[in-house]
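Enquirer: Quick one: the structure is below, questions incoming.
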Amino acid sequence: MQEEIARSAIDTFISAFNASDDSYVTALLAQALTSDVVFWGPLGRSEGIEAVERFVLDIRRHPAGTGTMVRCSGVDMPDEWARYQWVFTTPDGGPRLAGTDVVHLRRSLIDQVIVFAGEIEPSGS
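In UniProt numbering, the protein residues as written are 1 to 125.
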């Protein structure tokens, strides 16, 4: 049951990267994250949905064009922390970024996100 809740929150979080328009990003993040979410990203620690929104919008505005973020693994949830793997691919086989996120849930919402990004590789490799 807890893994289903985590999977739902994670998939909603990932859907913000793939929203049809930037204006939908905040609403999707609000459905997945607590308002005081702590985000541990590539540039350090930040707090709040607005901080996560900036990160998502930066990824969406990749110079190679709007890409696609997908969860490419199951959700592993040994306790309150869940982890999953993801891949981000830009259009026309552009750069691919892969990684693992670890999230903590509180009341069915993500209250902490830790992003572990891997190397950027062409999507054909």
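Glycine residues also receive a C-beta, built at the ideal position from the N, C-alpha and C atoms.
Per DSSP, what kind of secondary structure is Thr89 in: helix, strand or coil?
Expert: strand
Enquirer: Let me make sure I understand the geometry here. Which of Gly74, Gly48 and Asp58 has the alpha-carbon closest to that of Ile10?
Expert: Gly74
Enquirer: For Val75, does the three-state DSSP call read helix, strand or coil?
Expert: coil
Enquirer: In chain order, what residues of the same chain lie with their CB nearer than 8 Å to the CB of Pro91, ignoring the 5 residues before and after it?
Expert: Ala64, Gly65, Thr66 and Gly67
Enquirer: Tell me the residue span of the beta strand (DSSP E) that contains Leu33.
Expert: Leu33 to Gly41
Enquirer: The beta strand (DSSP E) that contains Glu47, what's its start and end?
Expert: Unbroken beta strand (DSSP E) run through Glu47: Gly44 to Glu47.
Enquirer: Once DSSP output is grouped into helix, strand and coil, what is the label at Thr26?
Expert: helix
Enquirer: How long is the line joining the alpha carbons of Val52 and Arg61, rounded to whole angstroms?
Expert: 14 Å
Enquirer: What residue range does the alpha helix (DSSP H) around Arg61 cover?
Expert: Per DSSP, Arg61 lies in no alpha helix (DSSP H) and is assigned neither H nor E.
Enquirer: In this structure, how does DSSP classify Arg96 when only helix, strand and coil are distinguished?
Expert: strand
Enquirer: Helix, strand or coil, according to DSSP, for Thr66 in the structure here?
Expert: In the three-state reduction of the DSSP assignment, Thr66 falls in the coil class.
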